[in-house]
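A.B. asks: Quick one: this structure, given as structure tokens, is what I'll be asking you about.
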Amino acid sequence: MKITIFGTGYVGLVTGTCLADAGHEVLCMDVDENKIARLKDGEIPIFEPGLESMVKSNVAGGRLDFTTDPVAAVGFGQLQFIAVGTPPDEDGSADLQYVLSVADTIGRHMTDYKVIVDKSTVPVGTADRVSQTVAAALEGRGESIEFDVCSNPEFLKEGAAIKDFTHGARIIVGTESERVMRLMRECYAPYNRHHEKMMFMDVRAAELTKYAANAMLATKISFMNEIANLAERLGADVEQVRRGIGSDPRIGYSFIYPGCGYGGSCFPKDVQALAHTATEVDYQPELLNAVEAVNFRQKKTLYTKLAQAFDGDLKGRTIALWGLAFKPNTDDMRDAPSRTLMEALWEAGATVQAFDPEAMKECRRIYGERDDLVLVADRVQAVKGADALVICTEWKDFRIVDFDWLKRQLSTPVIVDGRNLFDPQAAKEAGLMYYGVGRGDSLRSCS
Ligand code: UDX
């Protein structure tokens, strides 16, 4: 099949590359000329394991190409995927200007039947607006050409995006048209071989499914963080509670890891956008608001614990950070808990000495050169001469630590473990003051 993808951000690039890898002919379009030139050279703008080699092999194989030319893009594919950004507006609602501008472009240049596929995460009702925009552009040209719009939300996790695309749990398509169902089946056939993953539903249900899935996962995390905060105050170890409740198959083990709050490009944005949609239809989203509020508070707990360990005075202290990305295997720092911590530390007059395996360039891009931000080459240098260590991201390389060595490095042996990587007892036995998340016993012993 011939497929056009609008937007070469995270979702667009992964979708286009995986569809090309499955044997389709794919043309990716972006307005950013510099990005397209780099992609043509096989240089990818994001960090995603396995993606670069997949882009290169499919470009070399002639199945994947990139363009900035909207006429060529619209002319190319029978399927036109819209995978451009939907950044949050100030009120938390999703900004649809890029999505609608692509719809307008398609309407202005199409010459035969197209299926327009909404891949971006968009509020319920967007497919109708895309349809109206395409129709208006066609009318402006005095043309009447047939087209359909369907919703096909993505469920990609950063760091595991290729696997999620090729081995995802489901492929959701919101449409009532038999013709669209047939074409979308053909598009996804290579990834729908072993068992039936395609789920057809009405457009609005598909649009809402995407938000509901992310909001549900965010709810699990905020719930567990609330239990962790309670466990801390009640002297219970939340890690034992996690195993205790996870063993119930109705609850399950996934997404109940307490920590320093969720970040990234999806959960914060999608929970806020869904809450905003709710208010637009006169519904007060109590639960969604609470999920967001608990997360906001949780991101501050790293600083609160440090402040507690240093009697509220962090001025002139050097704090080592292991991990800057919002989660491992990505360089993404959007809404990362590390940012809430760093900004609070700077406000308090402390210096940050940080290491992250992938996100240091991104950190420099966000914060620029400043005296109170020292980025070092590895985790060993991060703790050298530091007063305390905070773990913000659970990179694999951080999991094994010689506590005796660590104690010798830190002038005040404080460790704030925002991801519960370590055994509080072992840390305590080595003479460290250990603050985990919801590990009641450890907190009691060091307060
Ligand atoms: C998420 C969804 O998982 C994905 O399906 C959707 O398409 C996009 O949003 P992503 O943001 O890449 O993917 O990351 P994910 O691995 O889901 O983690 C999100 C955040 O939740 C991270 O900050 C992570 O640290 C946190 N998290 C996750 C927890 O704090 N506890 C958990 O148990 C799981």
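In our numbering, the protein residues as written are 473 to 919.
From the three backbone atoms N, C-alpha and C, an ideal C-beta is built for every residue, glycine too.
Every value quoted in this text rests on a predicted model; they were computed, and no experiment measured them.
Can you have a look at residue 916 and say buried or exposed, based on whether 16 or more other CB atoms are within 10 angstroms of its CB?
C.D. replies: Any reading at residue 916 needs caution, since the residue's pLDDT is 44, under 50, leaving its predicted position unreliable; the model's value is listed next. Residue 916 is exposed by the Cβ-count criterion.
A.B. asks: Does the beta-carbon of residue 683, which I'm using as the reference point, lie nearer than 7 Å to any heavy atom of the ligand UDX?
C.D. replies: No.
A.B. asks: Taking a contact to mean a Cβ-Cβ separation below 8 Å, would you say residue 683 touches residue 745 in this structure?
C.D. replies: Yes; because the gap between Cβ atoms is below 8 Å, this pair is in contact.
A.B. asks: Could you give the residue range of the alpha helix (DSSP H) that holds residue 532?
C.D. replies: 523 to 532 is the span of the alpha helix (DSSP H), which, as asked, contains residue 532.
A.B. asks: What's the C-alpha gap between residue 864 and residue 587?
C.D. replies: Spanning the two alpha carbons is a distance of roughly 43 Å.
A.B. asks: What is the C-beta distance between residue 610 and residue 579, in whole angstroms, given that I count them as a contact (C-beta under 8 Å)?
C.D. replies: Their Cβ separation, rounded to whole angstroms, is 5 Å, which keeps residue 610 and residue 579 in contact under 8 Å.
A.B. asks: Specify whether the segment 792 to 804 and the segment 824 to 842 touch according to this definition: at least 3 beta carbon pairs, one from each stretch, less than 8 Å apart.
C.D. replies: Verdict: yes, contact present.
A.B. asks: Starting from residue 490, trace the alpha helix (DSSP H) both ways and give me its first and last residue.
C.D. replies: From DSSP, the alpha helix (DSSP H) with residue 490 extends over 482 to 493.
A.B. asks: Any idea what DSSP makes of residue 876, helix, strand or coil?
C.D. replies: The answer is helix: DSSP assigns residue 876 an H, G or I state.
A.B. asks: Quick one: using the 10 Å Cβ neighbour count with 16 as the cut-off for buried, is residue 914 buried or exposed?
C.D. replies: For residue 914, the predicted model reports a pLDDT of 47, less than 50, meaning its position is unreliable and no value from the coordinates is stated.
A.B. asks: Helix, strand or coil: which one does DSSP assign to residue 918?
C.D. replies: Interpretation of residue 918 is limited by its pLDDT of 40, a score under 50 that renders its predicted location unreliable; no figure is taken from the coordinates.
A.B. asks: Going residue by residue through the segment 862 to 907, where are the continuous alpha helix (DSSP H) segments of at least 4 residues, counting only ones entirely within it?
C.D. replies: Taking only runs of at least 4 residues, the alpha helix (DSSP H) segments lying wholly in the segment 862 to 907 are 875 to 881 and 896 to 901.
A.B. asks: Suppose you measure from the CA of residue 567 to the CA of residue 740; what does that come to, to the nearest Å?
C.D. replies: Looking at the two C-alpha atoms, the distance is approximately 15 Å.
A.B. asks: What is the residue span of the beta strand (DSSP E) that residue 589 lies within?
C.D. replies: Per DSSP, residue 589 belongs to the beta strand (DSSP E) from 586 to 590.
A.B. asks: Among 615, 583, 674 and 650, which residue has its Cα nearest to the Cα of residue 625?
C.D. replies: It is 674 whose Cα lies nearest to the Cα of residue 625.
A.B. asks: For residue 918 and residue 499, what's the separation of their Cα atoms in angstroms?
C.D. replies: Because residue 918 sits at a pLDDT of 40, beneath the cut-off of 50, its placement in the model cannot be relied upon, and the following sentence gives the value as read from the coordinates. Their Cα atoms are separated by approximately 58 Å.
A.B. asks: Is residue 863 near the ligand UDX, going by C-beta to nearest heavy atom under 7 Å?
C.D. replies: Outside the cutoff, so no.
A.B. asks: Given residue 759, which residues of its chain have a CB within under 8 Å of its CB, disregarding the five upstream and five downstream residues?
C.D. replies: Excluding sequence neighbours, residue 759 sits near 691.
A.B. asks: Alpha carbon to alpha carbon, how far is residue 813 from residue 697?
C.D. replies: Looking at the two C-alpha atoms, the distance is approximately 17 Å.
A.B. asks: Looking only at its own chain, which residues have a Cβ that is under 6 Å from the Cβ of residue 961, when we skip the five neighbours before and after it?
C.D. replies: Past the boundaries of the shown model lies residue 961; the chain is included only from 473 to 919, so the question cannot be answered.
A.B. asks: Hey, quick one: how far does the beta strand (DSSP E) through residue 832 stretch, first residue to last?
C.D. replies: No beta strand (DSSP E) contains residue 832, which is instead part of the alpha helix (DSSP H) from 832 to 839.
A.B. asks: Kindly confirm or deny that the segment 602 to 621 and the segment 779 to 792 touch, where touching means at least three C-beta pairs closer than 8 Å.
C.D. replies: Short answer: they don't touch.
A.B. asks: May I ask which residues mark the beginning and end of the alpha helix (DSSP H) holding residue 644?
C.D. replies: Residue 644 -> not in any alpha helix (DSSP H); beta strand (DSSP E) instead, spanning 643 to 646.
A.B. asks: Consult DSSP for residue 793 and reduce its assignment to one of helix, strand or coil.
C.D. replies: Strand, per DSSP.
A.B. asks: For the ligand UDX, is there a heavy atom less than 7 Å away from the beta-carbon of residue 893?
C.D. replies: False, no ligand heavy atom lies under 7 Å from that Cβ.
A.B. asks: Throw me the rounded Cβ distance for the residue 503 and residue 555 pair, which I believe falls under 8 Å.
C.D. replies: Contact flag wrong, Cβ pair sits at about 13 Å.
A.B. asks: Alpha carbon to alpha carbon, what distance is there between residue 868 and residue 481?
C.D. replies: When rounded, the distance between both Cα atoms is 26 Å.
A.B. asks: Which of the three DSSP states is assigned to residue 475 in this structure?
C.D. replies: Residue state, collapsed to three classes: strand.
A.B. asks: Out of 847, 589, 764 and 709, which one is the CA nearest neighbour of residue 795?
C.D. replies: Of the listed residues, the one whose Cα sits closest to residue 795 is 847.
A.B. asks: CB-CB under 8 Å to residue 630, same chain, minus the five flanking residues each way: which ones, in chain order?
C.D. replies: So the qualifying residues of the chain are 482, 520, 736, 737, 799, 801, 802 and 804.
A.B. asks: Determine which residues share a DSSP beta bridge with residue 537 and list them.
C.D. replies: According to DSSP, residue 537 bridges with 499.
A.B. asks: Given residue 493, which residues of its chain have a CB within under 7 Å of its CB, disregarding the five upstream and five downstream residues?
C.D. replies: If we look at residue 493 and ignore the five residues flanking it on each side, its Cβ neighbours are 526 and 530.
A.B. asks: From residue 703 to residue 908, what distance separates their C-alpha atoms?
C.D. replies: Looking at the two C-alpha atoms, the distance is approximately 11 Å.
A.B. asks: Look up residue 847 in the DSSP assignment and say whether it is helix, strand or coil.
C.D. replies: Of the three classes helix, strand and coil, the one that applies to residue 847 here is strand, per DSSP.
A.B. asks: What are the start and end residues of the beta strand (DSSP E) that includes residue 553?
C.D. replies: Looking at the DSSP string, the run of the beta strand (DSSP E) that includes residue 553 is 551 to 554.
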